[in-house]
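First the structure, in the form of structure tokens, and then the observations on it.
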Amino acid sequence: MCGIIGINSSKPVSATILSSLKKLEYRGYDSAGIATLSNGLINEVKSEGRVDNLEKNLLIKNMEGTIGIGHVRWATHGAPNSINAHPHSSQNVSVVHNGIIENSTLLKKFLVSKGHKFKSQTDTEVIVHLITEYLKELNLKDAIIKTLKQLHGSFALGVIFKDQPDLIVGARRGSPLAVGYGPNENYLGSDSYALKSMTNKISYLDDGEFCIIKKDQIDFFNEDGLIDQVISMGDISSGLKFFYRLPPLCYHTLLIHSEALVFHEITNGPFKMEDTIWAPWSPDEADQNAVIQYMAALVNSIQKLITK
Ligand code: GLU
């Protein structure tokens with residue numbers, strides 16, 4: 100187990116990524132690294148050992164870029180050294196990965212036959228080259244879908260692209276992955292703890308989902324690229340605010356989750372509706388207001404029931 104962080108912001112991100120990586124140290128790691136986009140290029144800095152070593156690396160101090168990904172690694176394929184440390188990058192794509200790609204040997208053979216050159220011994224590097232290969236013929240979303248379908252095993256991923264300086268892609272199967280919403284910046288992280296110093300608006304990718312993180316918006320997709328219709332909520336036990344991802348006017352799903360809402364009311368008392376309900380998928384403000392009104396009515400009737 101190890102950790103991923105991603106930040107899409109309008110401010111420089113390397114120092115914040117570094118301090119978030121320190122929060123992920125408890126998960127165990129043998130090396131660490133950061134990649135950012137700046138001046139139209141992917142920059143990578145990686146070090147063996149503790150995050151402190153990465154911090155001492157002089158290249159980090161001058162690392163520019165308002166979008167970036169970071170990683171603490173626990174090696175499964177390839178020695179724990181700075182070459183095998185993540186991120187792994189081609190000219191166009193940079194990837195951080197938690198987990199194991201079980202069919203990496205087979206995928207590597209295919210990619211080498213297409214002319215791709217590998218720098219590390221990791222299973223992860225096949226992901227970089229698969230995305231790079233598919234981007235030759237497909238748009239970003241389709242290249243991601245095609246890549247994810249090729250992978251066997253478990254993964255949480257963070258990906259940045261030289262030619263898409265406004266977004267980070269996150270994806271998960273098996274390994275956990277959270278996203279966080281901030282003021283004109285958004286985040287990706289292995290767990291809520293890594294994101295907590297930046298935001299308390301946190302949501303989780305469901306298994307098999309991927310997401311596109313822009314500064315002002317996060318879109319979630321299932322493995323076929325369709326906008327996902329599943330609700331997620333914050334982890335009540337960690338004291339995070341209750342947080343829903345809602346498809347427009349999906350009342351029946353709300354009903355299914357009303358039990359959880361009752362539980363929240365009983366354990367945490369009344370809460371401010373505008374802090375806790377958000378419908379980022381609905382482009383129409385009227386839809387969002389309708390959902391909020393529905394939830395307000397629901398809470399009202401629950402409160403009446405509790406006080407009877
Ligand atoms: N399997 C990958 C590697 O060995 C990722 C390990 C991890 O989850 O840190 O680089």
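Numbering-wise (the numbering used here), the sequence shown opens with residue 100 and increments by one.
The beta carbon of each residue, even a glycine, is placed where N, CA and C say it ideally should be.
Below 8 Å on the Cβ atoms is my guess for residue i versus residue j; work out the distance and round it to an integer in Å.
i      : j      : result
Ala134 : Gly177 : About 18 Å; that fails the 8 Å criterion.
Val144 : Gly127 : 21 Å between Cβ atoms; not a contact.
Tyr286 : Ile106 : 5 Å
Val192 : Gly257 : With 8 Å as the limit, Val192 and Gly257 do not qualify as a contact, their Cβ atoms being about 11 Å apart.
Leu247 : Phe309 : 7 Å
Gly148 : Ser113 : Not really, about 19 Å apart at Cβ, beyond 8 Å.
Lys261 : Gln316 : With 8 Å as the limit, Lys261 and Gln316 do not qualify as a contact, their Cβ atoms being about 21 Å apart.
Gly288 : Ile104 : 5 Å
Ile141 : Ser188 : 5 Å
Let me check one thing: in DSSP terms, what residues is residue i bridge-paired to?
i      : result
Tyr303 : Ala277
Glu143 : Ala134
Ile311 : Val268 and Asp318
Ile103 : His170
Gly428 : What the structure shows of the chain is the stretch from 100 to 407, and residue 428 is not part of that stretch, so it cannot be assessed.
Could you have a look at residue i and say whether DSSP puts it in helix, strand or coil?
i      : result
Ile376 : Bear in mind that a pLDDT of 41 at Ile376, under 50, signals an unreliable position, so the model cannot answer this.
Tyr233 : helix
Ser113 : helix
Lys245 : helix
Ser108 : coil
Tyr125 : helix
Leu239 : helix
Leu325 : coil
message: Going residue by residue through the segment 255-295, where are the continuous alpha helix (DSSP H) segments of at least 4 residues, counting only ones entirely within it?
response: 291-294
task: Would you list, in sequence order, the uninterrupted alpha helix (DSSP H) runs of no fewer than 4 residues that lie entirely inside the segment 148-226?
output: 150-155, 157-160 and 203-212
Segment contact flag, the segment 254-270 with the segment 295-309, C-beta cutoff 8 Å, min 3 pairs: yes
query: Is the segment 246-264 touching the segment 201-219, taking contact as three or more C-beta pairs under 8 Å?
result: yes
- prompt: Between the segment 169-176 and the segment 218-233, do at least 3 Cβ pairs fall closer than 8 Å?
  reply: yes
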